[in-house]
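One line per chain: the protein sequences are W and E, in this order.
Sequential numbering from 1 applies to the first sequence in full-length UniProt numbering.
Sequential numbering from 1 applies to the second sequence in full-length UniProt numbering.
We put the CB at the ideal spot given by N, CA and C, even for glycine.
Down below is the structure, laid out as structure tokens.
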Amino acid sequence: MIDLHGFGDQLLQGAVVTLELALSSLFVGLILGLLGASAKLSSVKVFRWIAHGYTTIIRGIPELLTVLIIYFGATSVLMSIAGLFGYDEYIEVGAFAAGVTALGLTFGAYATEVFRGALQSIPKGQHEAAIALGMGPVRKFYRIILPQVWRIALPGLGNLFLVLLKDTALVSVVGLDDIMRKANIAVSSTKEAFLFYLVAAFMYLALTIISMAFVSYMEKRASRGLTRG
Amino acid sequence: MDFSVVVEYFPKLLEGAWVSLQLVAISIVLGGIFALPIALARISPVGWIKAIPFAYIFFFRGTPLLVQIFLVYYGASQFDAVRESVLWPILKEPFWCAIIAFTLNTSAYTAEIFRGAIQAIPQGEVEACKVIGMTKFQMYRRVLLPRAFGIVLPAYGNEIILMLKGSALASTITILDLTGMSRTIIARTYTPMEIFLAAGGIYLVISIVIIAIFRQIELRQNRYLGTLSIKVPDKG
Numbered sequence: 001m002i003d004l005h006g007f008g009d010q011l012l013q014g015a016v017v018t019l020e021l022a023l024s025s026l027f028v029g030l031i032l033g034l035l036g037a038s039a040k041l042s043s044v045k046v047f048r049w050i051a052h053g054y055t056t057i058i059r060g061i062p063e064l065l066t067v068l069i070i071y072f073g074a075t076s077v078l079m080s081i082a083g084l085f086g087y088d089e090y091i092e093v094g095a096f097a098a099g100v101t102a103l104g105l106t107f108g109a110y111a112t113e114v115f116r117g118a119l120q121s122i123p124k125g126q127h128e129a130a131i132a133l134g135m136g137p138v139r140k141f142y143r144i145i146l147p148q149v150w151r152i153a154l155p156g157l158g159n160l161f162l163v164l165l166k167d168t169a170l171v172s173v174v175g176l177d178d179i180m181r182k183a184n185i186a187v188s189s190t191k192e193a194f195l196f197y198l199v200a201a202f203m204y205l206a207l208t209i210i211s212m213a214f215v216s217y218m219e220k221r222a223s224r225g226l227t228r229g
Numbered sequence: 001m002d003f004s005v006v007v008e009y010f011p012k013l014l015e016g017a018w019v020s021l022q023l024v025a026i027s028i029v030l031g032g033i034f035a036l037p038i039a040l041a042r043i044s045p046v047g048w049i050k051a052i053p054f055a056y057i058f059f060f061r062g063t064p065l066l067v068q069i070f071l072v073y074y075g076a077s078q079f080d081a082v083r084e085s086v087l088w089p090i091l092k093e094p095f096w097c098a099i100i101a102f103t104l105n106t107s108a109y110t111a112e113i114f115r116g117a118i119q120a121i122p123q124g125e126v127e128a129c130k131v132i133g134m135t136k137f138q139m140y141r142r143v144l145l146p147r148a149f150g151i152v153l154p155a156y157g158n159e160i161i162l163m164l165k166g167s168a169l170a171s172t173i174t175i176l177d178l179t180g181m182s183r184t185i186i187a188r189t190y191t192p193m194e195i196f197l198a199a200g201g202i203y204l205v206i207s208i209v210i211i212a213i214f215r216q217i218e219l220r221q222n223r224y225l226g227t228l229s230i231k232v233p234d235k236g
């Protein structure tokens, strides 16, 4: 058996943090993605511009830079806003909060495109049928449109989640105690870099495999309403 | 915010951007060269030949690029055999370690893109090649690969953009690429927002230029499809 010099528990704790970060960012990103897609398909020009600017900028900037901008920038932005209200204590943005914001923004930008494609593929008749039944816009969205969008968007979102899972490693650069940073700590005390980074790699691989299995289960579940012929 | 620091350090940022471009260009070229045999092995009908590239691709696509960089840069030097080998002058340089990690990573992604493209070619074209008596080599050289090249372009353009964004990770192993240079400047000036936003702007411009170049190549490579957009009048 490989000797982890007692760092096994630490690495597992790191895996929990990684997973928490990934799931929180997923939640934020899904909301941003739906909002972004709605804005892109909106009849209001300003909304379309904002959504277009958002996806272009986020998709053209390295994720690491986004993490750094949010981590170092959020503090100064929040402090200058707080300063306007006469609050001048030091405000610190934690690595986790910065990570969720940065990765959520990134996921949201890519998810916008996925949701947009899915929203556009819902036949017009579905909208008309819902309206004919007397549903309001909110109910129509929840009962009729969203379940169908979800089914179409799932494979794309699943891929994005796998990317997100790997991007969580970047937040270790600003000091979040995830798998990667726990591995760094283990390396600095044991000097066995290859061993620990390889273990870290396989932990990410395991998380990837679990996520893939979960996504394919969700895909089956989402399409249970379809008649198989 | 005070953007005069951006003006002052702009030449430094461009220096960093040049390092980023070198990293991306070398990795993409080497990665592309490695990707082809990997893709061809991946579609082999022989089980064990298929298994090796599958595992390779699965590993490099399933783990973070950051781990891969650290494995090469910090991991390799753990072994005495590596430190005493002739390759050590290369492996102790962060720049070449980044190139190695990026090349391995992008070759896995590119191999999947190539495989998809080769498999997307209609079976009829393969049959046509066989019928006129081409050898397997001729078939790939004259028909399948040029066809795959056209199909591959949009996805390949995306891969280069992803590589450009991934190249920011080189800054974690002390390379002064665009991100690394920004962090060095910030350590001196304490103006994170201004410098990082300027760096983000430069990345954005590079991405836009790459996208524009690829659109041109795509139009050229797929120019034979141009006639298809002319509608053939119906007979009846």
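- By the criterion of a C-beta distance shorter than 7 Å, A35(E) is surrounded in its chain by S107, T110, A111, F114, once the five residues flanking it on both sides are discounted.
- Per DSSP, R141(E) lies in no alpha helix (DSSP H) and is assigned neither H nor E.
- Not a single CB atom of chain W sits nearer than 7 Å to the CB of P94(E).
- Selection V173(W), R116(W), K124(W) evaluated against L30(W) yields R116(W) as nearest (Cα-Cα).
- Listed by position along chain E, the residues whose Cβ is nearer than 7 Å to that of P62(W) are K165, A168, T179, Y203.
- Of the candidates K182(W), T55(W), W150(W), the residue whose Cα lies closest to the Cα of G104(W) is T55(W).
- The alpha helix (DSSP H) runs of length 4 or more contained entirely in the stretch 118 to 166 of chain E are, from start to end of the chain, 123 to 131, 145 to 166.
- Judged by DSSP in its simplified three-state form, N222(E) adopts coil rather than helix or strand.
- By the rule that beta-carbons nearer than 7 Å mark a contact, T191(E) does not touch chain W.
- Listed along the chain, the chain E residues whose CB falls inside 7 Å of the CB of T101(W) amount to none; the nearest CB is some 14 Å away.
- For E20(W), the uninterrupted alpha helix (DSSP H) run begins and ends at 8 to 40, by DSSP.
- The way I'd put it, the stretch 108 to 128 of chain W does touch the stretch 147 to 163 of chain W; three or more beta-carbon pairs between them come closer than 8 Å.
- Using a Cβ distance threshold of 7 Å, A101(E) and I69(E) count as a contacting pair.
- At a cut-off of 7 Å between C-beta atoms, G62(E) counts as an interface residue with respect to chain W.
- Boundaries of the alpha helix (DSSP H) around A51(W): 45 to 60.
- Distance from the CA atom of R151(W) to the CA atom of I122(W), rounded to whole angstroms, is 11 Å.
- With respect to the 7 Å criterion, V19(E) and A198(E) are not classified as neighbours on the basis of their beta carbons.
- Nearest to L32(W) by C-alpha distance, out of T168(W), D177(W), G225(W), A102(W), is A102(W).
- Interface criterion not met: the Cβ of S20(E) is under 7 Å from no Cβ in chain W.
- For the C-beta of T172(E), the chain W residues within less than 7 Å are, from N- to C-terminus, V173.
- E194(E) and R42(E) have their C-alpha atoms some 46 Å from each other.
- Around the beta carbon of V93(W), a 10 Å sphere encloses 16 or more other beta carbons of the protein chains shown; the residue is thus reported as buried.
- Apart from the 5 residues on each side of it in sequence, L170(W) sits with its Cβ closer than 7 Å to the Cβ of E63, L64, V67 in its chain, given in chain order.
- Against chain W, a Cβ distance below 9 Å from S27(E) picks out nothing, because the smallest value is about 15 Å.
- The residues T106, Y109, T110, I113, in chain order, have a CB closer than 7 Å to that of E159(E) in the same chain once the five nearest residues on each side in sequence are set aside.
- Taking each of D88(W), F72(W), I210(W) in turn and checking the Cα distance to M79(W), the smallest one comes out for D88(W).
- Against chain E, a Cβ distance below 7 Å from V187(W) picks out Y74.
- Y217(W) is classed as exposed because its beta carbon has fewer than 16 other beta carbons within 10 Å across all chains shown.
- In this structure G180(E) is not in contact with I61(W), their Cβ atoms being roughly 15 Å apart against a cut-off of 8 Å.
- Under the three-state reduction of DSSP output, I33(E) falls in the helix class.
- With respect to I99(E), I26(E) sits close: the two C-beta atoms are nearer than 7 Å.
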